[in-house]
Amino acid sequence: MMDALLNAADAALRTLFVTPRASAPCPTPELPPDDLSETEKDLAGALMRVNHVGEVCAQALYTAQALATRNNQLRSQFVRASAEETDHLAWTRQRLDALGAHPSLLNPLWYAGAFGLGLIAGRLGDRVSLGFVMETERQVEAHLQSHLSLLPAGDLASRAIVAQMKDDEARHAQDAQDAGAMPLPPPIQGLMRLAAKVMTTVAHHI
-10 MMDALLNAAD AALRTLFVTP RASAPCPTPE LPPDDLSETE KDLAGALMRV
40 NHVGEVCAQA LYTAQALATR NNQLRSQFVR ASAEETDHLA WTRQRLDALG
90 AHPSLLNPLW YAGAFGLGLI AGRLGDRVSL GFVMETERQV EAHLQSHLSL
140 LPAGDLASRA IVAQMKDDEA RHAQDAQDAG AMPLPPPIQG LMRLAAKVMT
190 TVAHHI
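Just so you know, the sequence shown maps onto residues -10 to 195 in the numbering used here.
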């Protein structure tokens, strides 16, 4: 247990205070340089800041759920998904830097809240925990789809990152369903959407 707690603390520190490194290449290598107006850069930066916050929360959720489960196979699934989310974290941070935008100043708060939710879900049992993953990833997939319609048409780099992230999140949701996820009741789904709306609205600006 002590090793698990130390690993969770290490994951939090690396997510919040260390520049993330991706294990997979960013899906933008052959794209031409940006030709965006300042207004377009500001919009893209705000949207990518929201996406970066989502990846901070993903790290917290998967770390907490891996800590909570007693199923070694499920723990490995959470760890694999977390590694892919680390790629997303790195890509969105790189894109923020390229756009001259800053990460959310409230990232420690977002991480703590998501970690708490993940721990609660994990303590309620593996099927509930997987159901939480499935619903979260489906909501994130819909959120990313909306960003594809909001990002400037000329911001090919951000759009490529978001499109790849959307595909990965859909696969994570399917993996959770295949592993035996229990669908969450509609009121819980609604509360999750409300919480996500608050987070994305605040992160768009701060």
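Each residue gets a CB set at the ideal place from its N, CA and C atoms; glycine is no exception.
Whole-angstrom distance between residue j and residue i, CA atom to CA atom
| i | j | result |
| --- | --- | --- |
| Asp115 | Ala162 | 15 angstroms |
| Asp23 | Gln66 | 37 angstroms |
| His132 | Ala159 | 12 angstroms |
| Ala90 | Lys155 | 22 angstroms |
| Thr58 | Ser26 | 48 angstroms |
| Glu73 | Ile177 | 26 angstroms |
| Ala168 | Phe104 | 21 angstroms |
| Ala(-2) | Leu5 | 11 angstroms |
| His41 | Pro175 | 27 angstroms |
| Glu126 | Pro14 | 22 angstroms |
| Asp157 | Ser93 | 23 angstroms |
| Ala149 | Pro172 | 30 angstroms |
| Asn(-4) | Leu108 | 15 angstroms |
| Gln153 | Gly111 | 27 angstroms |
| Ala55 | Gly120 | 14 angstroms |
Residue environment, residue i, which counts as buried when at least 16 other CB atoms sit within 10 Å
| i | result |
| --- | --- |
| Thr81 | buried |
| Arg10 | exposed |
| Leu140 | buried |
| Arg182 | exposed |
| Val129 | buried |
| Thr28 | exposed |
| Val45 | buried |
| Gly179 | exposed |
| Leu32 | buried |
| Val7 | exposed |
| Leu50 | buried |
| Ser71 | buried |
Nearest candidate by alpha-carbon position, reference residue i, set the options
| i | options | result |
| --- | --- | --- |
| Ala1 | Leu78, His194 and Ala149 | Leu78 |
| Met37 | Val122, Ser135, Arg69 and Asn(-4) | Ser135 |
| His193 | Ala35, Arg3, Gly43 and Leu113 | Ala35 |
Inter-residue CB distance, residue i and residue j (contact presumed, cutoff 8 angstroms)
| i | j | result |
| --- | --- | --- |
| Ile195 | Leu95 | 6 angstroms |
| Ala165 | Met123 | 4 angstroms |
Within-8 angstroms CB hit, residue i to chain D
| i | result |
| --- | --- |
| Ala192 | Structure shown: chain D not included; a single protein chain is present. |
query: Is there contact here, the stretch 176 to 193 with the stretch 144 to 159, by at least three beta-carbon pairs under 8 angstroms?
result: At 8 angstroms Cβ cutoff, the stretches do not touch.
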